[in-house]
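Trainee: One structure follows; several queries about it will come next.
Residue numbers (the numbering used here), protein chains in the order written: chain A, 3 to 563; chain B, 441 to 762; chain C, 10 to 304.
Shown next, in the form of structure tokens:
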């Protein structure tokens, strides 16, 4: 399961919420939960955490799937999943979640791939009903038969889910499927006894009261999500009595709220004020910065549009852009000085070849390539071919100040290299809903955000996924990339079960994509977490589940946040 | 009196109809209601929606359908959240109404006090100072004022006083997931209300000062003074009463205009009212919400004007029809 | 967006402009000071290409944001661009937008107001209904939708802002014309057979110049503020062009950071401009309407 989310944030655009550990309450002097020190093991304290953007709804497999903040504020705390994600020996890997009694087994039966999950007998929903194989079967059918499902990939390859033993789930695939680990993980498992025969989207859209995780979530639209411990949770119980996610109106508001201690933890977009903050000393705050993310922020180039329909012009473009200068300016203060050189994000780095390393700012190469492509230039003027000017419209989502600034740097760099560059930013809905699918753009700056450890770039670069009648216009190869040599390798990555083969195919594909300069990766969009020093617990980034996934293990010093 | 109220209310109906039609028409031509459905894989979806909204018929007909549904309480479904628009609007409107009520009340109180004080001390140092402040208030971009207020009154002040939490909240109207009318709520109201009303306080106080100066110079006041009416009584009973009248009409118009300020204020202070709803809906081109939003807002403004109109009639019997 | 329309509520008989008026204006010291400030500011912005120490878009990525110092009086922004140079250049756009909106809304408002006031009950009623209607519509929202959908060129910004402001002028001019049309000199003109157009243009308009000028000034001020508000909401002019409002909006995130200095320059520029315009407007009003002069 690949989530193709976009980090679309900004002042106008989105709501940021912050986390804080604060006394909630009437009169503002701390009536939240039993407080005070003591050996009591009871949950204590109210922690107010943040959401940068309020999810539109809570239908995690339908219209609101792929919402990062939906995952981080509600889904991850309430929907049971088969895997958690941990860093082991320096590599992010899937580990069985408390839902399972052990690692799932992959086998082959009658030439078909079979995955067997053994469920933890203690696993149950918040109403006491055990979580069983019937729930898995129900989830599979809900995805496959559902109307408005976000992404059916993988689920549509399942032939059957055997639920004859409530504690054992036997999933049989029609054909080999290498990325099976994403199944029942990103979507999780839904409660059959509560949703069967009902309109799932309707039931879940405005939030739901059941849970199969450590918390029960109550969503007050526009304002907050409140988590309270799920008494039937079979894992280690939450240490806090209450967690509140507050929704904020902008990244600027989020930052100010943290600075003023209104909220005490944030997981913000790396806007520049946040980057600046991280580099300043603040005895009150703790922080992490990770570049090992599932993100690749890139300049996505429309391969169909003049002048970039010519591979030489695309290459010239890549040599015209000083990626290093951009990355240093944006994230240099975080120690990030090197652009990313593959479209496989850092958390999948073992599948990545540093193929785009060859593209360093080089005016001479620009000159050569442009001339080879038949362009001419008078002095400092723009490149021209047959009377047409090499004009580039740079687009990003309105409201994201860091991206707007990035485009202004780019505009200068391109101007010097002889491209006439204009900035035409669009509201996220227009960019992702219309302009990208319709191919109505030239160069767009946005991030691909992946929340699985399984690689797979076919979805965005295989020719068969160019939006068109063959894929009901739902293909996601917005760049109209057509590199026939790369396609077999890209497809192989999706099905190859042999890890070494898979890595080799992925790296080969990287090289071919870079050779054709289908688009230009920029930076890993570092993940930043800031929290108050009073918060104790394993606070760390999780590139798949976000910073707040284990908030049930957090506590506040002395029970007061 | 009742007929007066009824007549004014009735007169507002055609205004409401035309205004809401214009809003409806404007949003219809600028925001494509089928934008989201067009991404659906169901090729019939667009046709069905066009049919339901009568998009192939004249705008007047579409408007008619919309009004018919609206009167039944059905304002459509948000494309962004899938929630009924009426529910979203009700929630947002309630929040914004709080902001407007407190804002108007506070602004009126401050403005009248300042205006009267300045008028009584006309030409003095205090008058000049207050006048300068009013001019500054009028010249400030409201969002800049809000940002400075956060910087100084929330961030800096907290640091100087060594508080663990800011004295004045600026995230929502409650801390945590609190609710209700509490001290916490009041502390969260201060900065948004200030930001929302900085312009109108300045304007109203100037206005109040001018009309107070005028009234104080009127012959009947001079007569009363000559008769030896005590100064405090003179100011309050005779002068203020008459000087308040013009302000009420001004307030009527401005409460409507405040809606613009609400958008900025709610954005800065993360308050989930009409302003935020508008910005979020505009971001994704959520046509059903935008249509209903503009119409409801126009209705709200008309209602505010009507209320002020009636209040004016109440205060000044001459306005009432005989 | 309630700022700056105070004048329309105090229509009064206007004195014919002339040397006497000038003398009266000069006697209002704040207004004169404001006028001087305004002229200096406008001149500085107009001369930005020659006056600004750096080109407004020259980036210095290695430098980045530095606080005010000797080579960058107002510091530099995130891309190492000189803040002072940018403010001067941005002023050209902000002031142009303000002036254009002032001119356009005044022209439309005066025309509508004059016609409504002179042409008799029916036309008057109709026009005033339209005016009231515009007052009721949620202005900023309509504006935002328009900019979101029609693009953000300065021309569109000017058009929609003017569409938002003309009503105020229209109301004042109408009230003024209504009171003037019964006066002797108008009666006299009518008696000698002057046409309606001629009466309006030759006799009425010159007499409403006072209120019109005052309101035009206020419209300019209000437009500059409205432009900044729109920029804050993300509907400002697009780079590489910039305006004070856009610069201010861009600095939003720097509240409570060492880069907070970015927040002050453009804000003060707007404040100073609008303050000056308002003072000048106030001075003018007192010139044309001595009734409100402080006693």
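Ideal Cβ positions, reconstructed from N, Cα and C, are used throughout, including at glycine.
Applying the criterion that 16 or more other CB atoms from any shown protein chain within 10 Å of the CB defines a buried residue, is residue 543 (chain B) buried or exposed?
Mentor: Buried, by the Cβ-count rule.
Trainee: If I measure Cβ to Cβ from residue 143 (chain C) and keep anything under 6 Å in the same chain, skipping five residues before and after, which residues do I get?
Mentor: Counting only Cβ-Cβ distances below 6 Å, and skipping sequence neighbours, we find 176.
Trainee: By the 10 Å Cβ neighbour count, where 16 or more other Cβ atoms means buried, how is residue 134 (chain C) classified, buried or exposed?
Mentor: With fewer than 16 Cβ atoms within 10 Å of its Cβ, residue 134 (chain C) is classed as exposed.
Trainee: Excluding sequence positions up to five away, which residues of its chain have a Cβ less than 7 Å from the Cβ of residue 718 (chain B)?
Mentor: The answer, listed in chain order, is 703, 733.
Trainee: Grouping DSSP H, G and I as helix and E and B as strand, with all else coil, what is residue 531 (chain A)?
Mentor: The answer is strand: DSSP assigns residue 531 (chain A) an E or B state.
Trainee: Comparing alpha-carbon positions, which option in B:709, B:541, B:663 lies nearest residue 589 (chain B)?
Mentor: For the residues B:709, B:541, B:663, the minimum Cα distance to residue 589 (chain B) belongs to B:709.
Trainee: At which residues does the alpha helix (DSSP H) containing residue 226 (chain C) begin and terminate?
Mentor: It spans 214-241 - the alpha helix (DSSP H) in which residue 226 (chain C) sits, taken as one unbroken run.
Trainee: Give me the residue from C:150, C:93, C:297, C:234 with the minimum Cα distance to residue 57 (chain C).
Mentor: The shortest C-alpha separation from residue 57 (chain C) is found at C:93.
Trainee: Beta-carbon separation of residue 672 (chain B) and residue 555 (chain B) under 9 Å?
Mentor: Taking 9 Å as the Cβ cut-off, residue 672 (chain B) and residue 555 (chain B) do not qualify as a contacting pair.
Trainee: Chain A beta carbons: is any one of them nearer than 9 Å to that of residue 141 (chain C)?
Mentor: It does not: the Cβ of residue 141 (chain C) has no partner Cβ on chain A nearer than 9 Å.
Trainee: Using 9 Å as the limit for Cβ to Cβ distance, is residue 174 (chain C) near chain B?
Mentor: By this cut-off, residue 174 (chain C) is not an interface position.
Trainee: Determine the closest residue to residue 237 (chain C) out of C:113, C:215, C:149, C:131, with distance taken between C-alpha atoms.
Mentor: Looking at the Cα atoms, C:149 is the closest of the given residues.
Trainee: Exposed or buried, which one is residue 103 (chain C) when buried takes at least 16 other CB atoms within 10 Å?
Mentor: Buried is the call here.
Trainee: Measure the alpha-carbon distance for residue 691 (chain B) versus residue 228 (chain C) and round it to whole angstroms.
Mentor: Between residue 691 (chain B) and residue 228 (chain C), the C-alpha separation is close to 20 Å.
Trainee: Since residue 308 (chain A) and residue 390 (chain A) are thought to touch, with beta carbons under 8 Å apart, how far apart are those beta carbons, to the nearest angstrom?
Mentor: Right, the Cβ-Cβ distance comes to about 7 Å (below 8 Å), so this counts as a contact.
Trainee: With respect to the beta strand (DSSP E) encompassing residue 523 (chain A), which residues constitute its N-terminal and C-terminal limits?
Mentor: Unbroken beta strand (DSSP E) run through residue 523 (chain A): 521-525.
Trainee: Can you check whether the C-beta of residue 24 (chain A) is within less than 9 Å of a C-beta belonging to chain B?
Mentor: Reliability fails at residue 24 (chain A), whose pLDDT of 31 lies under 50, so the model's placement of it is uncertain and the value that follows must be treated cautiously. Closer than 9 Å: yes.
Trainee: Against chain B, with Cβ distances strictly below 9 Å, would residue 397 (chain A) count as a contact?
Mentor: No, residue 397 (chain A) does not count as interfacial toward chain B.
Trainee: Are any of the Cβ atoms in chain C nearer than 9 Å to that of residue 682 (chain B)?
Mentor: Not one chain C Cβ lies under 9 Å of residue 682 (chain B).
Trainee: Using a cut-off of 7 Å between C-beta atoms, extract the partners of residue 208 (chain A) located in chain B.
Mentor: Ordered by position in chain B, the residues that pass the 7 Å Cβ test against residue 208 (chain A) are 523.
Trainee: Can you give me the Cβ contacts of residue 221 (chain A) inside the same chain, cut-off strictly under 6 Å, excluding the 5 residues immediately before and after it?
Mentor: Around residue 221 (chain A): 209, 227.
Trainee: For residue 403 (chain B), is the classification buried or exposed, using 16 other Cβ atoms within 10 angstroms of its Cβ as the cut-off for buried?
Mentor: There is simply no residue 403 (chain B) to check, as chain B begins at 441 and stops at 762 in what is shown.
Trainee: Interface residues of chain A around residue 265 (chain C) at Cβ under 8 Å?
Mentor: Within 8 Å Cβ-Cβ: 257, 258, 261, 262.
Trainee: Closer than 8 Å by beta-carbon distance: list the chain A residues that pair up with residue 92 (chain C), in chain order.
Mentor: Within 8 Å Cβ-Cβ: nothing; residue 92 (chain C) doesn't reach chain A, min ~15 Å.
Trainee: Listing by chain order, which chain A residues have their CB less than 8 Å from the CB of residue 157 (chain C)?
Mentor: Near residue 157 (chain C) (Cβ distances below 8 Å), the residues of chain A are 429.
Trainee: Assuming the contact rule is C-beta atoms closer than 8 Å, residue 430 (chain A) and residue 723 (chain B) should be a hit. Round their C-beta distance to whole Å, please.
Mentor: Their Cβ separation, rounded to whole angstroms, is 7 Å, which keeps residue 430 (chain A) and residue 723 (chain B) in contact under 8 Å.
Trainee: DSSP beta-bridge partners for residue 297 (chain A)?
Mentor: In DSSP, residue 297 (chain A) forms a bridge with A:451.
Trainee: Anything in chain B within Cβ reach of residue 311 (chain A), meaning under 9 Å, just list it in chain order.
Mentor: Within chain B, no residue comes near residue 311 (chain A); the closest Cβ sits about 25 Å away, beyond 9 Å.
Trainee: Check this for me: beta carbons of residue 327 (chain A) and residue 343 (chain A), under 9 Å apart or not?
Mentor: Going by C-beta atoms, residue 327 (chain A) is not nearer than 9 Å to residue 343 (chain A).
Trainee: Using the C-alpha atoms, what's the distance from residue 547 (chain A) back to residue 73 (chain A)?
Mentor: Cα to Cα, residue 73 (chain A) sits roughly 7 Å from residue 547 (chain A).
Trainee: Could you tell me whether the Cβ atoms of residue 394 (chain A) and residue 377 (chain A) are closer together than 9 Å?
Mentor: No; because the gap between Cβ atoms is not below 9 Å, this pair is not in contact.
Trainee: At least one CB of chain B closer than 9 Å to the CB of residue 251 (chain A): is that the case?
Mentor: For residue 251 (chain A), the answer is yes, since a Cβ of chain B falls inside 9 Å of its Cβ.
Trainee: Identify the contact partners of residue 259 (chain C) in chain A, using a Cβ-Cβ distance below 7 Å as the criterion.
Mentor: Neighbours of residue 259 (chain C) on chain A, chain order: 403.
Trainee: Ignoring anything shorter than 3 residues or poking outside the stretch 91-173 of chain A, list the beta strand (DSSP E) runs there in chain order.
Mentor: Here the runs fully enclosed are 93-98, 107-111, 114-120, 160-164.
Trainee: Against residue 459 (chain B), what residues of chain A qualify as contacts under a CB-to-CB distance less than 7 Å, listed in chain order?
Mentor: Correct list: empty, because the minimum Cβ distance to chain A is about 26 Å.
Trainee: Cβ closer than 8 Å: which chain B residues qualify as neighbours of residue 105 (chain C)?
Mentor: Neighbours of residue 105 (chain C) on chain B: none; closest Cβ ~18 Å, over 8 Å.
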